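In my numbering, the protein residues as written are 546 to 1060.
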């Protein structure tokens, strides 16, 4: 790289970090329970090298509510951050934010290799950086974005393979995809697919014989998973149930799982595949969930609705890596489609992000290279709308979206639990309503963040139990403002010491104390 290009990379990285990695505790407004669970596992690894079940450096982190196991790469990355930072909402989200920055820089590098134009490379990086879907998920302590750097690096290596690079590059292409398996459960479907695309590219270049090196690289890095599966054979059934492409049990075989899908199911899957590429989702309003979208912007910038189809047409007609990118875009939702729950988990198909941006960059190139001046002007104007649209999205994200999404993030349970942790009962016991989901893990997180260690969680309190009447004086209880337990506590002489509200002012939780 020339000194000028290095300077551009440094400036771009600095600006991206300022955009992606600041105010992480402010927006999104609260941690969702999956972020809490990931974070507690990471904190345990950072402290002792063992997970919450006491297993030393596990490959997968099993939990009662998710026996298939949480993805290791993100947990270890967060644990590394927690070796130097105290546990907090910002600290556990920081690794994902930095990963988002890395995705942008890697994609710009890839675009430079493919298109041979630094300006288009910067445009590709900005298209990804200013994609609302990428920005939102880069600020969550979740693992859905963690496969993307492996996909982008695989494409970078594939460019070199396509240009005639030798066995080492082919070996590296397989190894990178194998490492991606550790990033996210959906990678179990997607990474073998990309390995098959590598083999097809090599075959098209008359080099099919060296495919074995890609297979070797893929297999070598999966040795820890193989050893873990031997030591924990129940993992097989747990994994089948996690993706359950049919009604499967822990004893099901791959053949059983395949046979569980009827012809009608396959038609439904194809329908969902088509539905994933709904322009409303991609370019206008995004996911229906307010944890994955503001509902005012799509997964991609609106300008890509023009660039992407043009780029897809151009790439599909070419050979080599360009065609692989087109196929990668078309197959991006495969893992989520196989689960049959696209309407609930469309965000699991974020493999589409790098492929979509690359295709849009090809489309932008077509506009800018057109002999018609009008086409060039249109291309420039469309590109100029991207930062303008992102600015509108960002203002909403840091403002009205925080208010609108508070209930989607579980409400201000933090405010209630922190009150009890900082002012525990001098006598009696602490209780939390059974109607508050995941209150126990939230307690572990915030007690650990405030005190340096997880304290004994409150007892579970049911509205129909005798505890409201018989609890000792000095006891404290947390209940949802809208559940019957709140009225029961009022009727049994408990005093409302704190009403916790949401940003819009509505009460969400109440802290009661018994005189």
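All C-beta atoms in this analysis are idealised placements derived from N, C-alpha and C, irrespective of residue type, glycine included. Being a predicted model, the structure only gives us computed values, none of them experimental.
Going by C-alpha distance, which of the options is nearest residue i?
{"i": "residue 756", "options": "953, 772, 718 and 773", "result": "718"}
{"i": "residue 832", "options": "1024, 636, 678 and 942", "result": "678"}
{"i": "residue 1061", "options": "635, 620 and 584", "result": "This structure cannot speak to residue 1061, because the chain is shown only from 546 to 1060."}
{"i": "residue 826", "options": "862, 895 and 858", "result": "895"}
{"i": "residue 1046", "options": "1054, 946 and 1036", "result": "1054"}
{"i": "residue 959", "options": "577, 662, 556 and 1007", "result": "577"}
{"i": "residue 560", "options": "690, 675, 656 and 602", "result": "675"}
{"i": "residue 557", "options": "654, 608, 907 and 738", "result": "654"}
{"i": "residue 962", "options": "1021, 920, 919 and 553", "result": "1021"}
{"i": "residue 682", "options": "987, 700 and 834", "result": "834"}
{"i": "residue 1031", "options": "632, 995 and 979", "result": "979"}
{"i": "residue 863", "options": "845, 904 and 830", "result": "904"}
{"i": "residue 967", "options": "985, 974 and 996", "result": "996"}
{"i": "residue 744", "options": "716, 1028, 766 and 767", "result": "716"}
{"i": "residue 952", "options": "981, 941 and 939", "result": "981"}
{"i": "residue 618", "options": "583, 748, 650 and 608", "result": "583"}
{"i": "residue 1015", "options": "1041, 976 and 988", "result": "976"}
{"i": "residue 704", "options": "664, 732, 652 and 680", "result": "652"}
{"i": "residue 759", "options": "710, 920, 1029 and 607", "result": "710"}
{"i": "residue 1039", "options": "867, 1028 and 1057", "result": "1057"}
Any idea which residues DSSP pairs residue i with across the strands?
{"i": "residue 584", "result": "None, per the DSSP bridge assignment."}
{"i": "residue 691", "result": "Partner(s): none; residue 691 has no beta bridge."}
{"i": "residue 1055", "result": "1024 and 1044"}
{"i": "residue 978", "result": "1006"}
{"i": "residue 606", "result": "615"}
{"i": "residue 595", "result": "601"}
Enumerate in chain order the residues of its own chain whose CB-to-CB distance from residue i is below 8 angstroms, with the five nearest sequence positions on each side excluded.
{"i": "residue 742", "result": "869, 872 and 873"}
{"i": "residue 639", "result": "566, 569, 626 and 630"}
{"i": "residue 571", "result": "943 and 947"}
{"i": "residue 734", "result": "788, 879, 880 and 883"}
Pick helix, strand or coil for residue i, following the three-state DSSP scheme.
{"i": "residue 999", "result": "coil"}
{"i": "residue 956", "result": "coil"}
{"i": "residue 769", "result": "helix"}
{"i": "residue 655", "result": "helix"}
{"i": "residue 891", "result": "helix"}
{"i": "residue 1087", "result": "Since the displayed the chain opens at 546 and closes at 1060, residue 1087 lies outside it and no answer follows."}
{"i": "residue 823", "result": "coil"}
{"i": "residue 626", "result": "helix"}
{"i": "residue 708", "result": "coil"}
{"i": "residue 1011", "result": "coil"}
{"i": "residue 845", "result": "coil"}
For residue i and residue j, I'd like the C-alpha separation in whole angstroms.
{"i": "residue 1062", "j": "residue 686", "result": "Because residue 1062 is not part of the residues shown, which for the chain are 546 to 1060, the question remains open."}
{"i": "residue 891", "j": "residue 838", "result": "11 angstroms"}
{"i": "residue 586", "j": "residue 852", "result": "42 angstroms"}
{"i": "residue 1048", "j": "residue 841", "result": "20 angstroms"}
{"i": "residue 694", "j": "residue 588", "result": "24 angstroms"}
{"i": "residue 671", "j": "residue 620", "result": "28 angstroms"}
{"i": "residue 928", "j": "residue 955", "result": "37 angstroms"}
{"i": "residue 999", "j": "residue 823", "result": "45 angstroms"}
{"i": "residue 804", "j": "residue 817", "result": "Note that residue 804 has pLDDT 48, beneath the 50 cutoff, so the model's placement of it is unreliable and no number is given."}
{"i": "residue 762", "j": "residue 720", "result": "4 angstroms"}
{"i": "residue 798", "j": "residue 1036", "result": "The pLDDT assigned to residue 798 is 46, lower than 50, so where the model puts this residue is not dependable; a value taken from the coordinates is nonetheless given after this. In a straight line, the C-alpha of residue 798 is about 55 angstroms away from that of residue 1036."}
{"i": "residue 563", "j": "residue 696", "result": "25 angstroms"}
{"i": "residue 1004", "j": "residue 773", "result": "35 angstroms"}
{"i": "residue 814", "j": "residue 738", "result": "17 angstroms"}
{"i": "residue 991", "j": "residue 598", "result": "20 angstroms"}
{"i": "residue 770", "j": "residue 604", "result": "7 angstroms"}
{"i": "residue 986", "j": "residue 637", "result": "15 angstroms"}
{"i": "residue 706", "j": "residue 633", "result": "43 angstroms"}
{"i": "residue 752", "j": "residue 849", "result": "35 angstroms"}
{"i": "residue 1006", "j": "residue 779", "result": "34 angstroms"}
{"i": "residue 970", "j": "residue 765", "result": "55 angstroms"}
{"i": "residue 592", "j": "residue 628", "result": "8 angstroms"}
{"i": "residue 708", "j": "residue 930", "result": "35 angstroms"}
{"i": "residue 754", "j": "residue 574", "result": "53 angstroms"}
{"i": "residue 941", "j": "residue 1025", "result": "28 angstroms"}
{"i": "residue 915", "j": "residue 926", "result": "14 angstroms"}
At a cut-off of 7 angstroms, would you count residue i as near the ligand FMN, judging by its Cβ distance to the nearest heavy atom?
{"i": "residue 635", "result": "You won't find the ligand FMN in this model; it holds no ligand whatsoever."}
Suppose the cutoff is 7 angstroms on Cβ atoms and the five residues either side in sequence are ignored; what does the same chain contact list for residue i look like?
{"i": "residue 800", "result": "Because the pLDDT at residue 800 is just 44, under 50, the model does not fix this residue reliably, and the value given afterwards should be weighed accordingly. For residue 800, where only same-chain residues beyond five positions count, there are no Cβ hits under 7 angstroms."}
{"i": "residue 972", "result": "1017, 1018 and 1019"}
{"i": "residue 877", "result": "894, 896, 897 and 900"}
{"i": "residue 668", "result": "906, 909 and 928"}
{"i": "residue 729", "result": "616, 688, 689, 691 and 692"}
{"i": "residue 601", "result": "594 and 595"}
{"i": "residue 924", "result": "909, 912 and 913"}
{"i": "residue 932", "result": "675"}
Could you pull out every residue in the same chain whose Cβ sits closer than 6 angstroms to the Cβ of residue i, ignoring the five residues on either side in sequence?
{"i": "residue 736", "result": "722, 725 and 726"}
{"i": "residue 622", "result": "640"}
{"i": "residue 983", "result": "578"}
{"i": "residue 659", "result": "none"}
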